[in-house]
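2 protein chains.
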Amino acid sequence: MGAGFSSCSHTTTFFAASTTLFPHRSKSNFSTFNPHFKLLSQTLYYPKPTKITTSRSSSSALSPINSGGRAEEMKTQEEKSTQPMSDLHNIDPELIQRMAYDALVWTSIHGLVVGDKSVPRSGKVPGVGLVHAPIALLPMSFPENHWKQACEVSPIFNELIDRVSLDGEFLQESLSSYNLWFPLGRIGLQVMNKNGGCFYFQTHGYSFPDARKWQARGKFIEIRLGLHRSDYMLDEQTKLLLQIEINTISASFPGLGSLVSELHRSLLNQYKEQLGLDSRRIPRNAAVNGFAEALAKAWEEYSNPRAVVMFVVQTEERNMYDQHWLSTEFPFSCFPQLCNTYDVTTIRKTLAEIDEQGVLQPDGTLLVGDQAIGVIYFRAGYAPTDYPSESEWRARLLMEQSSAIKCPSISYHLAGTKKIQQELAKPNVLER
Amino acid sequence: MGAGFSSCSHTTTFFAASTTLFPHRSKSNFSTFNPHFKLLSQTLYYPKPTKITTSRSSSSALSPINSGGRAEEMKTQEEKSTQPMSDLHNIDPELIQRMAYDALVWTSIHGLVVGDKSVPRSGKVPGVGLVHAPIALLPMSFPENHWKQACEVSPIFNELIDRVSLDGEFLQESLSSYNLWFPLGRIGLQVMNKNGGCFYFQTHGYSFPDARKWQARGKFIEIRLGLHRSDYMLDEQTKLLLQIEINTISASFPGLGSLVSELHRSLLNQYKEQLGLDSRRIPRNAAVNGFAEALAKAWEEYSNPRAVVMFVVQTEERNMYDQHWLSTEFPFSCFPQLCNTYDVTTIRKTLAEIDEQGVLQPDGTLLVGDQAIGVIYFRAGYAPTDYPSESEWRARLLMEQSSAIKCPSISYHLAGTKKIQQELAKPNVLER
Chain C
1 MGAGFSSCSH TTTFFAASTT LFPHRSKSNF STFNPHFKLL SQTLYYPKPT KITTSRSSSS
61 ALSPINSGGR AEEMKTQEEK STQPMSDLHN IDPELIQRMA YDALVWTSIH GLVVGDKSVP
121 RSGKVPGVGL VHAPIALLPM SFPENHWKQA CEVSPIFNEL IDRVSLDGEF LQESLSSYNL
181 WFPLGRIGLQ VMNKNGGCFY FQTHGYSFPD ARKWQARGKF IEIRLGLHRS DYMLDEQTKL
241 LLQIEINTIS ASFPGLGSLV SELHRSLLNQ YKEQLGLDSR RIPRNAAVNG FAEALAKAWE
301 EYSNPRAVVM FVVQTEERNM YDQHWLSTEF PFSCFPQLCN TYDVTTIRKT LAEIDEQGVL
361 QPDGTLLVGD QAIGVIYFRA GYAPTDYPSE SEWRARLLME QSSAIKCPSI SYHLAGTKKI
421 QQELAKPNVL ER
Chain R
1 MGAGFSSCSH TTTFFAASTT LFPHRSKSNF STFNPHFKLL SQTLYYPKPT KITTSRSSSS
61 ALSPINSGGR AEEMKTQEEK STQPMSDLHN IDPELIQRMA YDALVWTSIH GLVVGDKSVP
121 RSGKVPGVGL VHAPIALLPM SFPENHWKQA CEVSPIFNEL IDRVSLDGEF LQESLSSYNL
181 WFPLGRIGLQ VMNKNGGCFY FQTHGYSFPD ARKWQARGKF IEIRLGLHRS DYMLDEQTKL
241 LLQIEINTIS ASFPGLGSLV SELHRSLLNQ YKEQLGLDSR RIPRNAAVNG FAEALAKAWE
301 EYSNPRAVVM FVVQTEERNM YDQHWLSTEF PFSCFPQLCN TYDVTTIRKT LAEIDEQGVL
361 QPDGTLLVGD QAIGVIYFRA GYAPTDYPSE SEWRARLLME QSSAIKCPSI SYHLAGTKKI
421 QQELAKPNVL ER
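Sequences listed follow chains C and R, in order. Quick note, the first sequence lines up with residues 1 to 432 if you use full-length UniProt numbering. Quick note, the second sequence lines up with residues 1 to 432 if you use full-length UniProt numbering.
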């Protein structure tokens, strides 16, 4: 997950991000907490920094420049999607250079940045060793019907993840025979209470402290927050929209992705005459707002005004600004329309720090450095390398035992594993 | 000029930036083109990047944290300004660390950045080798009466610069006996037409092409745009607000300075409980908008919709983002409230590029790379090192001969020299 995007020649890839808070507060079974699910229809590629990809092998394709000056970014007929996309090489190289320069300026002053891996401290200290995020210079064209399809299935996939997460038997069947690194490899999965919607587990060496107390905190366990991102591929052979995966933990780029949409809109406006593309046809991308709103809603549900939202982060994170864009939504912002949207404090802690500073109170409240934790947002803890010692495992266990609302819960985390997604693709499994 | 700020122990330094377009269109002799002159009441210091200055020798001083939670950033009584400012060391070091971290995040995602001198290309290519601008963590307290005084004298100083620029005899008297590097050292100053308000000059080796044609373009010469910044020092001994200098060319930091105000406002909001400072007492800093508005107004006065605004820049400029914030105001922006404020295109050229690509048309229009230049905004050309060869001098001459509105005009440039400011400080000179 993290920064991993699939892309290949002659296919277009995009991802849809959506937020869901369960249990549902609305009447419909399929509605999401946030009625406007988020679409990040732009792609972020990771070529070498400072270079704008113009290679044919890139999955970025430019809309044709029509003589009538009308954009065809979103084609409304499926057959249109089979037309070869126009070649970026047809654009005047000098124009590309100018647009690339302006794009780089834009990224620099609007925070579309990452840490530069050639600067050692860039993943630890903010404000140091910044470099523009690798970007596609222009938005790719994408068939509108497939885009709408992805939007429509987004809450359905969220519902699916939620239902799978509640089906402990299915999860155990699917996962138990595999030596999965997490949590099966290290933590012995033990379904203590299927109906509670949460997996209680014990690790090698750690026994579950008191199941009865845990159950008493059931009301917190039942609040499940999902911040998901689905990655799609438009297959040229079958003309189908194929889901590559759905990410249920540490789904990245709500921040930078939203900015890429703004950058593209800005470039299309600035070079309207030369490109003939209509910036209004770029779908609005408000993923960062949606994610922040969902986290704030979960925090509100926790009902402790003194509690904070804790971002669990890696010790070194060059994609930290994507995360900071989310927390910026909380306590402070430069621009009036974002200012103090939510009066929620965020803190950032590594797993090792949580192990060192974390204390579980009798009522299940997790204290980290004297701060009560209302919501735990995992932007780390998904890779085996995130658990280099027992310390990190202790931290994870501590969090799972707490009453804090986890995003994701352990069951969402498990439901998002590739193995489960593979199982779900088999015949008659979804019908279960 | 450029990044040079005066600061010393136990004094407070700030600078006021204002814009003026002459001749006046309003009835009052002392009104400015832009009725709300700009104040950048924050300071930017240049210690080593990534460190927030907390040293006593810094000119940054923190307002006292009052038990009543009431800010005293601006004292309304002069005597209050004599009170020693509270010591930054009184604040909990852990709190300072947290604020510093948040400040660094803020700078990174809001474009309060410069090029890192340890990265070779950071002064040439945008988006590469970025580092947060060196900043004071919190705003300094400053007596309100002195601040208001600086605001009030701002248009008067602009008027003074304009009148001095029109007094060729005084300028020649003051400057001719000195071997000033520019323009006297290289360019023989020759006052051809005092009443025209512009100095016609000839260089060693370049003769003035045709004075009559020049005069025919008088209407352009008479439009004078000033983007000035006054630097002040509050003297502890005399209790007086002392002007250090007024900058009439390449006055920097309208962009980053405006952002520093926003950063301080944001931090004061975020740490309101701990600091007890009221962010509403930070004066609004709209210098970047004012500068952009003034440049756009000058462009409009030039009356050629196809003309562009040309930024004359150094070949290597690590403070490029301060400049880019200005041009961002023109053609594109991320946020709706800034988007497309002015539909003016900007280009950036070095003096050498202007010499190479520039052509003067018979009617006085300057073409650079086939683009007509309406306004020339000098962010280079003030230092001897900006003219390493004849090429750069040819470029300057070409621009001075053109009908483009220069910011500053050669006469504003001369009026802003330290020698002139020294002369103006002598008795009976202002009365002239």
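Where a beta carbon is used, it is the ideal one built from N, C-alpha and C, also for glycine. Please read these numbers as outputs of a predicted model, since none were measured by experiment.
Check the Cβ-Cβ distances between residue i and every residue of chain C, and say whether any is below 8 Å.
i: leucine 240/R; result: no
i: glutamine 361/R; result: no
i: arginine 324/R; result: Reading off the sequence shown, one finds histidine at residue 324/R, where the question assumed arginine. So yes, histidine 324/R belongs to the interface.
i: leucine 328/R; result: Sequence check: residue 328/R is threonine here, not leucine. Interface residue, yes.
i: valine 308/R; result: no
i: glutamate 431/R; result: no
i: lysine 38/R; result: In this prediction, lysine 38/R scores a pLDDT of 29, lower than 50, which makes its location untrustworthy; the coordinate-derived value is nonetheless stated afterwards. So no, lysine 38/R is outside the interface.
Report yes or no: is there a C-beta of chain R within less than 8 Å of the C-beta of residue i?
i: isoleucine 109/C; result: yes
i: valine 260/C; result: no
i: valine 113/C; result: yes
i: valine 312/C; result: no
i: leucine 277/C; result: no
i: leucine 95/C; result: no
i: serine 26/C; result: Because the pLDDT of serine 26/C is 35, which lies under 50, any placement of that residue in the model is unreliable, and the number read from its coordinates should be weighed accordingly. For serine 26/C, the answer is no, since every Cβ of chain R falls outside 8 Å of its Cβ.
i: phenylalanine 332/C; result: Any reading at phenylalanine 332/C needs caution, since the residue's pLDDT is 39, under 50, leaving its predicted position unreliable; the model's value is listed next. At least one chain R Cβ lies under 8 Å of phenylalanine 332/C.
Closer than 9 Å by beta-carbon distance: list the chain R residues that pair up with residue i, in chain order.
i: glycine 358/C; result: Those within 9 Å of glycine 358/C in chain R number zero; the least Cβ separation is about 18 Å.
Which residues of chain C have a Cβ atom closer than 7 Å to the Cβ of residue i, listed in chain order?
i: valine 375/R; result: Those within 7 Å of valine 375/R in chain C number zero; the least Cβ separation is about 19 Å.
i: tyrosine 101/R; result: Pro126
Just the chain C side, please: which residues come within less than 9 Å of residue i by C-beta, in chain order?
i: leucine 398/R; result: Neighbours of leucine 398/R on chain C: none; closest Cβ ~23 Å, over 9 Å.
i: tyrosine 321/R; result: Val105, Ser108, Ile109
Which one or two residues does DSSP pair with residue i in a beta bridge?
i: isoleucine 405/R; result: Val375/R
i: isoleucine 347/R; result: Met310/R
i: valine 260/R; result: Partner(s): none; valine 260/R has no beta bridge.
i: valine 113/R; result: His132/R
i: arginine 432/C; result: Its beta-bridge partners do not exist; DSSP assigns none.
i: leucine 241/C; result: Leu234/C
i: leucine 171/C; result: Leucine 171/C is not bridged to any residue.
i: leucine 360/C; result: Leu366/C
i: arginine 396/R; result: Its beta-bridge partners do not exist; DSSP assigns none.
(message) Does the contact criterion of 3 or more C-beta pairs under 8 Å hold for the stretch 277-285 of chain R versus the stretch 244-264 of chain R?
(response) Taking 8 Å as the limit for Cβ pairs, the verdict is that the stretch 244-264 of chain R does touch the stretch 277-285 of chain R.
(request) Could you please tell me which residues of the stretch 126-149 of chain R, in chain order, have their CB closer than 8 Å to any CB of chain C? (result) Taking 8 Å as the Cβ-Cβ cut-off against chain C, the residues of the stretch 126-149 of chain R that qualify are Pro126, Gly127, Val128, Gly129, Leu130, Val131, His132.
(request) Kindly confirm or deny that the stretch 136-151 of chain R and the stretch 116-124 of chain R touch, where touching means at least three C-beta pairs closer than 8 Å. (result) With the cut-off at 8 Å, the stretch 136-151 of chain R and the stretch 116-124 of chain R do not touch.
(message) Would you call the stretch 289-303 of chain R in contact with the stretch 143-158 of chain R, where contact means no fewer than 3 C-beta pairs closer than 8 Å?
(response) Touching, no.
(request) Could you say if the stretch 269-277 of chain C and the stretch 296-316 of chain C meet the contact criterion of at least three C-beta pairs nearer than 8 Å? (result) These segments do not touch.
(message) Could you check whether the stretch 404-423 of chain C touches the stretch 163-172 of chain C, counting it as contact only if at least three pairs of C-beta atoms, one from each stretch, sit closer than 8 Å?
(response) Yes, since at least three Cβ pairs between the stretch 404-423 of chain C and the stretch 163-172 of chain C fall closer than 8 Å, the two stretches touch.
(message) Count Cβ pairs between the stretch 107-120 of chain C and the stretch 88-97 of chain C that sit closer than 8 Å; are there 3 or more?
(response) No, the stretch 107-120 of chain C does not touch the stretch 88-97 of chain C.
(message) Below 8 Å, how does it come out for the stretch 363-372 of chain R and the stretch 398-412 of chain R: are there three or more Cβ pairs, yes or no?
(response) The stretch 363-372 of chain R is in contact with the stretch 398-412 of chain R.
(request) Could you say if the stretch 347-364 of chain C and the stretch 384-398 of chain C meet the contact criterion of at least three C-beta pairs nearer than 8 Å? (result) The stretch 347-364 of chain C vs the stretch 384-398 of chain C: in contact.
(message) Measuring CB atoms only, is the stretch 97-106 of chain C touching the stretch 242-253 of chain C, in the sense that at least three cross pairs come out at less than 8 Å?
(response) Counting Cβ pairs under 8 Å, fewer than three are found: no touch.
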